[in-house]
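Chains as they are written, first to last, in our numbering: chain A, 1 to 280; chain B, 1 to 612. Ideal Cβ placement from N, Cα and C applies to all residues, glycine included. A quick note: this is a predicted structure, and the numbers were derived from the prediction, not measured. Remarks on the structure that follows.
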C-alpha cells in the first residue's frame with residue numbers, strides 16, 4: 001500500500017520536473033487566482049489521485065492553518081487539524097500536503113491509524129514561490145477532502161541553511177522525542193519529534209565548486225507505540241531544515257515505549273525510543 | 001520675414017533676457033531629440049578573439065591591480081579594457097580553443113550597440129568551458145582561420161588568438177601541415193602570447209572545474225629526454241614560428257594595454273560610413289547656455305561641478321542621469337547617505353538602507369550601493385558632486401537586497417575605465433547565489449520597471465576574516481563576522497576618521513531583523529563593543545555617535561526576544577503558537593515591528609528549540 005503510494009509519488013515528481021521550465025507561468029500567481037485552475041495542481045491531481053477531484057468543502061473533516069505571508073520562507077509553520085477523533089466508524093487514513101509551486105510539490109504524505117487518536121500534524125515547510133498550499137485528507141470510506149490556503153513566500157527551497165554546514169553534519173540524525181503528560185485513559189496525547197538534519201534540497205549552489213549540494217533529506221518517518229503504528233510520513237525536501245513533527249497518539253493503558261525510525265535519502269537510518277508512563 | 005515675426009513673438013513671450021537664452025537651450029534640446037544619426041566615415045575592424053582555455057592558461061603568473069591572476073583572466077581583462085576604444089561600427093566575436101579545435105561562441109557583432117552583451121559573454125569565458133584537456137594549439141590556429149573565413153562571408157575578419165603556446169601533447173619539433181583548404185597569408189590575424197618566462201606548475205582541475213592541486217610530472221605526456229611538460233611558460237619561439245607560417249603577426253601581452261595595437265591593426269581596418277549620434281553635442285551646447293546664464297545668478301553650481309557635469313555628458317552618462325541624494329559629511333572624505341525607514345519595496349525605489357562612501361587620495365570606496373539601480377545611481381550622482389576620482393570598491397555589508405541590489409548599477413561608475421570591484425564576506429557569494437534569483441523576481445514583481453536590477457554580481461574580492469583596502473592615504477579595515485544578523489556580515493572601519501560601518505549588525509529606530517543566529521549575533525555585539533570608533537553607522541537609522549552604547553537597543557531587543565522565546569519553549573508551545581503569543585507584541589521604541597517581529601520570533605524559535 002505504502003509502497004504503491006510512494007511509487008505514484010515518484011511519478012508525480014517526474015511530472016513536475018517536466019514542468020519546471022514553465023516558471024514564467026507560475027511566477028505571476030496571485031492570491032485571487034482560482035486554486036482549481038493551478039496547472040501544477042492539475043498535474044499532481046492526475047498523478048496522485050488518478051484525476052479524482054477532492055471535495056473542497058472540507059470544513060467538517062480537516063482544517064489547514066498557514067500564514068498568509070510567510071515570515072521566513074524557509075520556516076513556514078503548517079498546522080493540519082482533523083475535525084474528529086479517529087474512530088472505527090470514521091477516521092482519516094491519509095493526509096497529503098501539497099505545495100503547488102515548490103520544485104517538488106508533494107511535500108509530505110502522512111498515514112494514520114486508529115491508534116493515532118487524532119489525524120493532526122504540525123510541521124514546517126519551505127516555500128519557493130507564491131503558492132497554494134493544500135491538505136488533502138482521505139477518509140476510511142475513500143473520499144477525498146481538500147483544504148487550501150494561499151501563502152506569499154519566496155525562496156525557501158534554496159535558502160542557505162541557517163547553521164554552518166560543518167556543525168549541521170556533526171549533529172546529523174540527533175533526535176528528540178517528547179510526549180505530553182497523558183490525560184484521561186484513551187484520550188489522544190500530543191507528541192513531538194525533532195530531527196537534526198540539514199534536509200538539503202539540492203538547490204543551493206556551492207560557490208567554490210560551482211556545484212549544487214546533493215539533495216540529502218529525511219524521506220521517511222515511522223512512529224510506533226508498543227509496536228503499533230501511530231504515524232508514518234513520506235517526506236520531501238520541502239520540509240524545513242531540522243524536521244519537526246507534532247502529532248497525536250493514544251497511549252496504551254499500561255504505559256510503554258514510543259519508537260521513532262527515521263530514514264533519509266542517503267539510506268541513513270536513525271532511531272529513538274522513549275518510555276512513557278500511562279496516566280495515573 | 002516670417003522668422004523675424006516668430007522671433008518678435010518669442011521676445012514678447014519672454015521679456016526677460018535670461019529666459020530667452022533658456023528658450024534657445026530648450027530649442028537645442030528639442031533638436032537633439034529629433035536629430036537623425038549622421039553617417040560619418042570611420043575605420044572599423046572586424047575580429048574574432050580566440051581565448052585558449054586549456055589548463056596551462058590557469059597558471060597565475062600575471063599581475064593585475066596588485067593581485068596575481070591567471071593568464072586567461074589577464075587576457076580577458078586586457079580585451080575587456082580595450083573594447084571601449086574600438087570605433088563604433090567595428091564587430092567583435094568570441095571564440096574558445098581547447099583540445100585541437102577553435103569553436104565560435106559569439107559571431108562578430110557591433111561593439112558599441114552590444115558592448116554590455118559582449119562584456120557579459122566575455123566575463124563567462126573560463127576554464128570550466130573546456131571540453132578536453134589536450135592542447136594542440138597549431139591545429140587550433142588553423143581552426144580559427146577557418147572560423148574567421150566562414151564567419152562573415154566576403155567580409156574581412158581578423159583573428160586574434162591569445163595563448164601561451166603550450167602544446168599538449170608536445171610536438172617535439174614536428175610541424176603540422178596546414179589544412180588543405182587554407183593558404184598561408186590568406187587570413188589576417190595575430191598570435192598573442194601570454195604567460196611568464198619562468199616555467200610554473202599548472203593547476204589541475206577535475207572534470208567539474210574544481211581545483212584539485214597541481215599537475216604532477218607523471219600525469220602528463222612528456223617529451224623524450226625532457227620531463228618538464230607539467231610546467232608551463234610562454235612558448236614564444238614556437239608561437240613566432242607558427243605566426244610566420246600562417247602569415248599572422250605575433251605580439252606579446254606584456255602589459256594590460258599591449259593588446260591595443262593588435263585590435264587596431266590598420267591592415268584589418270575598413271573605412272565604412274557609420275551612423276553617428278551627434279545629439280550629445282547639441283545637448284552639451286544647451287547645457288552650456290544654461291550654465292553660463294545661471295552662473296552669475298548664484299545657483300551655487302561650482303566651476304568644478306560644471307566641469308564634472310560636462311565630462312559626464314561627453315562620456316554619455318547623462319542618458320541615465322540621476323538626481324543626487326543628500327549626503328551627510330561625517331568627517332573629511334567620509335559621507336553618509338541615509339535610507340528611508342521602510343521595508344524594501346517599490347516605495348522610495350528600494351532606497352531603505354544606509355549607504356556611505358569614503359574618498360581617498362587615489363580612489364573612492366562605496367559601502368552598500370543601495371537597494372536598486374535607481375538608488376545606486378542617485379548615490380553615484382552624489383559621489384560625483386564631491387569627487388571625480390574613480391570608485392575602486394563597492395563593499396557589501398551582507399546579503400540583503402536592500403543593501404546590494406544597486407551594486408551592478410555602479411559597474412560603469414568609472415567608464416570608460418574599469419568599474420569598481422565588489423567586496424564581500426567570504427560566504428556572500430554562496431548566500432547570494434541561493435537568494436539572488438528570488439530577489440530579482442521580487443523586484444520584477446513589486447518594483448517599478450525602471451528600478452529593477454538586471455542582475456547582481458557576486459563579489460570579486462572575498463573577505464574570509466580581515467582585509468585592508470588602501471584608497472590612497474587612507475585605509476579601510478574590513479572584518480568578516482561569524483553568523484549573526486545574516487551569515488555574511490562584514491564591518492568597515494575607516495582608520496583615518498575612526499568611522500565604523502556596522503551593516504545590519506546594529507539597527508537604530510528600525511526593528512532589528514534576524515536572518516542568521518540570535519545567539520551568534522549577541523556574541524558578535526559583545527565583541528563589536530571593543531572596536532575603537534568615534535562613530536558608527538548602522539544599516540538603518542541615524543548615525544550612532546554614542547559608541548558603543550548605541551549598540552544597547554539592538555542587544556536589548558535581541559535579549560528580550562531570546563527570553564520570550566525560551567519561555568514559550570519551556571511552556572511547550574509550538575512554533576505557530578509561539579508566533580501567535582509573541583508576534584503581535586510591538587516592542588517599544590521600534591518602528592516596523594509589524595513587518596519584522598513575527599519573522600524574528602520564527603527564526604529565534606527554530607534556533608533556540610535546539611539550544612536547550
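- Task: With DSSP collapsed to three states, give me the class of residue 189 of chain B.
- Result: By 1-based counting over the second chain, the position of residue 189 of chain B is 189. Strand, per DSSP.
- Query: Within this structure, are the beta carbons of residue 194 of chain A and residue 244 of chain A separated by less than 7 Å?
  - Reply: Start at 1 with the first residue of the first chain, and residue 194 of chain A comes out as number 194. Start at 1 with the first residue of the first chain, and residue 244 of chain A comes out as number 244. A contact, by the Cβ cut-off of 7 Å.
- Message: I need the boundaries of the alpha helix (DSSP H) containing residue 600 of chain B, first residue and last residue.
- Response: Working through the second chain from its first residue, we reach residue 600 of chain B at position 600. Residue 600 of chain B -> alpha helix (DSSP H) spans 593-608.
- Assigned secondary structure, residue 103 of chain B (DSSP; H/G/I helix, E/B strand, else coil): As a position in the second chain, residue 103 of chain B is number 103, starting the count at 1. Note: residue 103 of chain B maps to strand in three-state DSSP.
- At least 3 beta-carbon pairs within less than 8 Å: the stretch 41-52 of chain B vs the stretch 262-269 of chain B: yes
- With distances taken Cα to Cα, identify the nearest neighbour of residue 28 of chain B among B:281, B:547, B:479. Working through the second chain from its first residue, we reach residue 28 of chain B at position 28. Of the listed residues, the one whose Cα sits closest to residue 28 of chain B is B:281.
- Which partner residues does residue 235 of chain A have in the DSSP bridge list? Start at 1 with the first residue of the first chain, and residue 235 of chain A comes out as number 235. DSSP, once it has assigned bridges, lists A:108 as partnering residue 235 of chain A.
- Where does residue 540 of chain B sit, in a helix, a strand or coil, going by DSSP? The sequence position of residue 540 of chain B within the second chain is 540, counting from 1. In this structure, residue 540 of chain B counts as strand in the three-state DSSP scheme.
- Query: Listing by chain order, which chain B residues have their CB less than 9 Å from the CB of residue 196 of chain A?
  - Reply: Position 196 of the first chain holds residue 196 of chain A. Correct list: 610.
- What does residue 72 of chain A touch in chain B if you count any residue whose Cβ is under 7 Å from its own? Walking along the first chain from the start, residue 72 of chain A turns up at place 72. Under the 7 Å cutoff, chain B gives 599, 602, 603.
- Task: Could you check the C-alpha separation between residue 21 of chain A and residue 103 of chain B for me, to the nearest Å?
- Result: Locating residue 21 of chain A in the first chain gives position 21, where the first residue counts as 1. Locating residue 103 of chain B in the second chain gives position 103, where the first residue counts as 1. Only weak support is given to the placement of residue 21 of chain A: the predicted model assigns it a pLDDT of 34, under 50, and the value that follows is read from those uncertain coordinates. Residue 21 of chain A and residue 103 of chain B: Cα-Cα distance of roughly 28 Å.
- Run of the alpha helix (DSSP H) containing residue 566 of chain B, from where it starts to where it stops: Looking up residue 566 of chain B in the second chain gives position 566. Segment 552-570, the alpha helix (DSSP H) holding residue 566 of chain B.
- Item | Inter-residue spacing [alpha-carbon to alpha-carbon] between residue 290 of chain B and residue 384 of chain B | Taking the second chain and counting its residues from 1, the one referred to as residue 290 of chain B is at position 290. Taking the second chain and counting its residues from 1, the one referred to as residue 384 of chain B is at position 384. One C-alpha to the other measures close to 20 Å.
- Query: Between residue 435 of chain B and chain A, is there a C-beta pair that is closer than 7 Å?
  - Reply: Position 435 of the second chain holds residue 435 of chain B. Residue 435 of chain B counts as touching chain A.
- Message: Quick check: is the beta carbon of residue 79 of chain A nearer than 7 Å to any beta carbon in chain B?
- Response: To locate residue 79 of chain A, count along the first chain from 1; it is residue 79. Taking Cβ atoms only, chain B reaches closer than 7 Å to residue 79 of chain A, which makes this a yes.
- Pull up the distance between the alpha-carbon of residue 249 of chain A and that of residue 112 of chain A, whole angstroms please. For the purposes of this step, residue 249 of chain A is taken as the residue at position 249 of the first chain. For the purposes of this step, residue 112 of chain A is taken as the residue at position 112 of the first chain. Cα-Cα distance, rounded: 10 Å.
- Query: Between the stretch 564-575 of chain B and the stretch 372-383 of chain B, do three or more beta carbon pairs fall short of 8 Å?
  - Reply: no
- Cβ-Cβ separation, residue 257 of chain A to residue 233 of chain A (assumed contact under 8 Å), whole Å: Along the first chain, one-based indexing puts residue 233 of chain A at 233. Along the first chain, one-based indexing puts residue 257 of chain A at 257. Actually they are not in contact, since the Cβ atoms of residue 233 of chain A and residue 257 of chain A sit about 20 Å apart, beyond 8 Å.
- Got a sec? Which residues, its chain only, sit under 6 Å from residue 519 of chain B by beta carbon, not counting five neighbours each side? The residue labelled residue 519 of chain B in the question sits at position 519 within the second chain. No residues qualify anywhere along the chain.
- Message: For residue 528 of chain B, tell me which candidate among B:552, B:542, B:541 has the shortest Cα-Cα distance.
- Response: For the purposes of this step, residue 528 of chain B is taken as residue 528 along the second chain, with counting starting at 1. Selected option, being the one with the closest Cα: B:552.
- Three-state class that DSSP yields for residue 39 of chain B in the structure shown: In the second chain, counting from the first residue as 1, residue 39 of chain B sits at position 39. If DSSP states are grouped into helix, strand and coil, residue 39 of chain B belongs with the strands.
- Message: Would residue 20 of chain A pass as an interface residue toward chain B - the criterion being a Cβ-Cβ separation below 7 Å?
- Response: Within the first chain, numbered from 1, the residue matching residue 20 of chain A stands at position 20. Summary for residue 20 of chain A: the model assigns pLDDT 36, below 50, so the residue's position carries little reliability; its value from the coordinates is reported in the next sentence. No, residue 20 of chain A lies away from the interface with chain B (no Cβ there is under 7 Å from its Cβ).
- Query: Using Cβ-Cβ distances below 7 Å, what residues of the stretch 114-131 of chain A are close to chain B?
  - Reply: 122, 124
- Item | Any C-beta of chain B under 7 Å from that of residue 59 of chain A | Counted from its first residue, the first chain places residue 59 of chain A at position 59. No, its Cβ sits nowhere closer than 7 Å to a Cβ of chain B.
- What does a CB cutoff of less than 8 Å around residue 411 of chain B pick up in its chain, not counting 5 residues either side in sequence? Looking up residue 411 of chain B in the second chain gives position 411. Answer for residue 411 of chain B: 419, 420, 457, listed in chain order.
- Could you spell out the range, first to last residue, of the alpha helix (DSSP H) harbouring residue 140 of chain B? Numbered from its first residue, the second chain carries residue 140 of chain B at position 140. From DSSP, the alpha helix (DSSP H) with residue 140 of chain B extends over 137-151.
- Query: Which residues, in order along the stretch 171-194 of chain A, keep a beta-carbon less than 9 Å from a beta-carbon of chain B?
  - Reply: 171, 174, 176, 178, 180, 190, 192, 194
- Message: Just list the residues that DSSP pairs residue 281 of chain A with in beta bridges.
- Response: Nothing can be reported for residue 281 of chain A, as the shown portion of chain A is limited to 1 through 280.
- Task: May I ask you to list, following chain order, the residues of the stretch 437-453 of chain B that have a beta carbon less than 9 Å from some beta carbon of chain A?
- Result: 437, 438, 439, 441, 442, 444, 445
- Query: Expressed to the nearest angstrom, what Euclidean distance is found between the alpha-carbon atoms of residue 115 of chain B and residue 170 of chain B?
  - Reply: Here residue 115 of chain B refers to the residue found at position 115 of the second chain. Here residue 170 of chain B refers to the residue found at position 170 of the second chain. Taking the straight line from one Cα to the other gives about 38 Å.
- Message: Using the three-state DSSP reduction, which class does residue 93 of chain B fall into: helix, strand or coil?
- Response: As a working note, residue 93 of chain B is residue 93 in the second chain. Strand, per DSSP.
- Task: Please determine, among B:165, B:31, B:159, B:168, the residue with the shortest C-alpha to C-alpha distance to residue 185 of chain B.
- Result: In the second chain, counting from the first residue as 1, residue 185 of chain B sits at position 185. Comparing Cα-Cα distances from residue 185 of chain B to each of B:165, B:31, B:159, B:168, the minimum goes to B:159.
- Item | Collapsed DSSP secondary structure at residue 416 of chain B in the structure displayed | Taking the second chain and counting its residues from 1, the one referred to as residue 416 of chain B is at position 416. Three-state result, residue 416 of chain B: coil.
- Task: Find out if the Cβ-Cβ distance for the pair residue 79 of chain A, residue 65 of chain A is shorter than 7 Å.
- Result: Numbered from its first residue, the first chain carries residue 79 of chain A at position 79. Numbered from its first residue, the first chain carries residue 65 of chain A at position 65. In contact: residue 79 of chain A and residue 65 of chain A (Cβ atoms closer than 7 Å).
- Message: Pull the bridge partners of residue 222 of chain B from the DSSP assignment, please.
- Response: On the second chain, position 222 is the one that residue 222 of chain B refers to. In DSSP, residue 222 of chain B forms no bridge with anything.
- Item | Endpoints, the beta strand (DSSP E) within which residue 273 of chain A is located | Counting from one through the first chain, the residue named residue 273 of chain A turns up at place 273. Residues 269-276.
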